[in-house]
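Residue numbers (this note's numbering): 19 to 315.
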């Protein structure tokens with residue numbers, strides 16, 4: 019249990035880094051239903067490869083790191099309850115998990131490299147002029163990258179969806195096992211211990227729900243829509259960008275709201291800034307003490 023804070027810190031830092039990159043540096047804009055992704059953040063001045071192409075790959079890696087972190091958080095909760103957390107509490111486990119999240123991207127990067135083979139500004143412009151000529155002015159700026167081999171592009175979409183769903187399935191697997199195990203152990207726990215364990219599982223569930231809504235669902239919809247050639251307006255691209263930007267604040271709120279020690283710490287910090295909260299807190303304690311005294315009489 020003492021290592022839970024490190025897993026939580028890993029997830030918070032991973033979310034912060036990912037959101038900084040996706041919202042400030044990359045800020046991807048997708049010209050659906052084409053296979054074109056454009057960089058509208060800081061990297062838009064870095065050229066096609068170092069800007070759009072490379073940062074798209076970094077964005078994929080960010081998602082992988084986040085997925086491994088959240089899955090390990092739920093796995094750790096299960097193994098703590100089951101008494102089999104020895105390996106996950108080793109000092110090398112979290113660094114190895116980070117390295118594994120990078121290696122996990124190898125099949126995706128391999129297929130993606132084949133789909134990008136031969137990509138130049140001219141090939142992207144030629145592709146857009148044939149499939150979506152109304153985007154030609156955007157592509158001419160040189161901030162966009164596109165798949166050249168459409169067969170490998172569709173394979174890439176399939177591999178990406180499988181990778182996301184596989185990691186998500188592991189998270190769901192440990193979630194279900196944790197809930198069932200906690201119910202089975204309920205009679206052997208004190209009411210306080212059971213409440214604490216239940217609170218931690220609830221916290222992890224909320225943290226899993228945040229990226230599922232802000233990243234996983236939009237990404238899968240985008241991949242499927244592009245693969246099927248669905249005629250989706252740019253409104254979806256705008257919604258996708260705005261939705262992903264919600265990840266960092268929602269993830270932070272999930273941690274603060276669902277974990278009581280952090281919630282109490284935030285309340286005490288705010289009480290120092292806003293004295294009225296401290297007065298309200300004191301009034302509550304006085305009322306409880308008075309009520310208890312009256313009952314004792």
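Glycine included, each C-beta is placed from N, C-alpha and C at the ideal position. Every value quoted in this text rests on a predicted model; they were computed, and no experiment measured them.
| query | result |
| --- | --- |
| Residue closest to residue 80, alpha-carbon to alpha-carbon, out of 166, 32 and 143 | 32 |
| As assigned by DSSP and simplified to three states, the class of residue 85 | helix |
| Which of helix, strand or coil DSSP assigns to residue 54 | strand |
| Entirely enclosed alpha helix (DSSP H) segments - the stretch 69-129, minimum 4 residues | 72-100 and 111-121 |
| N- and C-terminal bounds of the beta strand (DSSP E) containing residue 48 | 46-48 |
| Cut-off 8 Å between Cβ atoms - residues of its own chain near residue 86, not counting five sequence neighbours on either side | 115, 116, 118, 119, 122 and 185 |
| N- and C-terminal bounds of the alpha helix (DSSP H) containing residue 179 | 168-203 |
| The stretch 162-170 touching the stretch 210-226, judged by at least three CB pairs closer than 8 Å | no |
| Residue environment, residue 309, which counts as buried when at least 16 other CB atoms sit within 10 Å | No answer about residue 309 holds up, because its pLDDT of 41 lies below 50 and its placement is not dependable. |
| Through-space distance from residue 136 to residue 162, alpha-carbon basis | 14 Å |
| Spatial neighbours of residue 230 in its chain, beta-carbon cut-off 8 Å, leaving aside the 5 residues before and after | 186 |
| Local Cβ density within 10 Å of residue 206, reported as buried at 16 or more and exposed below that | exposed |
| Contacts around residue 329, its chain only, beta-carbon distance under 7 Å, and the 5 residues preceding and following it disregarded | Residue 329 lies beyond the stretch modelled for the chain, which goes from 19 to 315, so this question has no answer here. |
| Whether residue 54 touches residue 147 by CB criterion (9 Å) | no |
| Assigned exposure category for residue 62 - 16 Cβ within 10 Å defines buried | buried |
| Inter-residue Cα distance where the pair is residue 152 and residue 92 | 46 Å |
| Buried/exposed call for residue 83, threshold 16 Cβ in 10 Å | buried |
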